[in-house]
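Here my numbering is used: the first residue of the sequence shown is 12, the next is one more, and so on.
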Amino acid sequence: MQPRRFVIIESREAKEKLLELAPFNATQVTTSSAVIAMFGDLQFVDRADDIDSQSVELGFMPREMKDKMLSTIVPLFDRFTVQDKRESVMVDGGRKIASGISFL
Numbered sequence: 012m013q014p015r016r017f018v019i020i021e022s023r024e025a026k027e028k029l030l031e032l033a034p035f036n037a038t039q040v041t042t043s044s045a046v047i048a049m050f051g052d053l054q055f056v057d058r059a060d061d062i063d064s065q066s067v068e069l070g071f072m073p074r075e076m077k078d079k080m081l082s083t084i085v086p087l088f089d090r091f092t093v094q095d096k097r098e099s100v101m102v103d104g105g106r107k108i109a110s111g112i113s114f115l
């Protein structure tokens, strides 16, 4: 499962909104033609069945593995506090998910 989302930001309006999240990167945000921002998804487990079902349908994962993963991961994340989820997503995203911004 991938607890991250990538967003391509090109419009001036969207870049202005991004500046609220990344004020220390103002020069890069305002002068780049596009920004690729990576955000952590604290609710990725809610889509786990859909994601893994696609993997099974495409032949990338056996159904047994999907069932085992979901029976383990979903109950585990359901017990996590919001802070636990944040920490898990940050580790999964490379520790810098909150500042994972690329400039083009």
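C-beta atoms are modelled at their ideal positions from N, C-alpha and C, and glycine is treated no differently.
Nearest candidate by alpha-carbon position, reference residue i, set the options
i	options	result
R15	M49, E24 and G70	M49
D57	V85, F71, L69 and S64	V85
K79	L69, E24, D63 and V18	D63
Whether residue i touches residue j by CB criterion (7 Å)
i	j	result
T59	L30	It should be pointed out that residue 59 corresponds to Ala in this sequence rather than to Thr. For A59 and L30, no; Cβs fall outside 7 Å.
Integer-rounded CB distance, given that residue j should sit under 8 Å from residue i
i	j	result
I20	A45	7 Å
F88	K77	The pair is not a contact, with the Cβ atoms about 16 Å apart (cut-off 8 Å).
Residues of its chain near residue i, where Cβ-Cβ distance is below 8 Å and the 5 sequence neighbours each way are ignored
i	result
P73	V67
V100	P14, R15, G51, D52, L53, F55 and I108
Own chain partners of residue i with C-beta closer than 7 Å, once the 5 adjacent residues on each side are dropped
i	result
V40	K26, L29, L30, A33 and V46
Beta-carbon contacts of residue i that lie in its chain and below 6 Å, excluding the five residues immediately before and after
i	result
D103	P14
V18	A48
R23	none
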